[in-house]
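Asks:
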Amino acid sequence: MLIKDMAICIRAVDYSETSQIVTLFAKDNGKLKAIAKGSKRPKSSFDGTIEVLSCGQIVFSGSARQKDSQKLATLTELQQERYFAGLKNSLLNLNCCLFGTELIDNMVQEYDPHPELFDRFLQFVQNESDAQTRREALTLLVLFQLALLRETGLQPVLYACANCKCKVDAAGEKSQWYF
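My numbering applies: residue 2 is where the sequence shown begins, and numbers increase by one.
Written out as structure tokens, the structure reads:
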């Protein structure tokens, strides 16, 4: 059964002369690992070699619906739709995006869909592509990290004391009990 989804590549490793193993972050299927047979051939259905931050519509079959982490899904098509041209001009912006891919790869479980996080990640990469200053690039990274923590259920509690659960005001003073 073929499954269609929107995805962004967060990791790509050469498997053979013509194939790659890719880790994709898909909107409806979450993080999945797939083999892209023939992706490095000039006339493939992948629009060329799949690189990190390649984004577009994918078609795959295999283990994603079975939740079998021992098997790779088979990626049959990738129609690249988005291209983040601004990342070529700034090493800092590119590194921020690559750090974002590492965070997703390490913090999101396989086959656990996070559609809102997917949209936030695409917006983060687009904003990094357009960012002009170092401060703007790093601010975008911190905001994405907070969104990732919130989506994965690891958001820190910043409004109450971790020990006694007292509410903390803006000055850092404990004011009342918070339950």
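We put the CB at the ideal spot given by N, CA and C, even for glycine.
Contact defined as beta carbons within less than 8 Å: I believe residue 138 pairs with residue 76. What is the distance between those atoms, to the nearest angstrom?
Replies: Here residue 138 refers to the residue found at position 137 of the sequence shown. Here residue 76 refers to the residue found at position 75 of the sequence shown. So it is not a contact: roughly 31 Å between Cβ atoms.
Asks: Tell me the DSSP bridge mates of residue 12?
Replies: Within the sequence shown, residue 12 is the residue found at index 11, counting from 1. 24, per the DSSP bridge assignment.
Asks: By the three-class DSSP mapping on this structure, what secondary structure does residue 59 have?
Replies: If you number the sequence shown from 1, residue 59 lands on position 58. If DSSP states are grouped into helix, strand and coil, residue 59 belongs with the strands.
Asks: Which of the three DSSP states is assigned to residue 2 in this structure?
Replies: As a first step, residue 2 is located in the sequence shown; it is residue number 1 there, counting from the start. DSSP places residue 2 in coil when its eight states are reduced to three.
Asks: Go ahead and pull the three-state DSSP assignment for residue 83.
Replies: For the purposes of this step, residue 83 is identified with residue 82 of the sequence shown, where counting begins at 1. Strand at residue 83.
Asks: Around the Cβ of residue 44, are there at least 16 other Cβ atoms within 10 angstroms (buried) or fewer (exposed)?
Replies: Start at 1 with the first residue of the sequence shown, and residue 44 comes out as number 43. Answer is exposed; the Cβ neighbour count stays below 16.
Asks: Please go through the same chain and pick out, in chain order, the residues whose beta-carbon is closer than 6 Å to the beta-carbon of residue 121, but skip the five residues on each side of it.
Replies: As a position in the sequence shown, residue 121 is number 120, starting the count at 1. Within the same chain, residue 121 has close Cβ partners 148.
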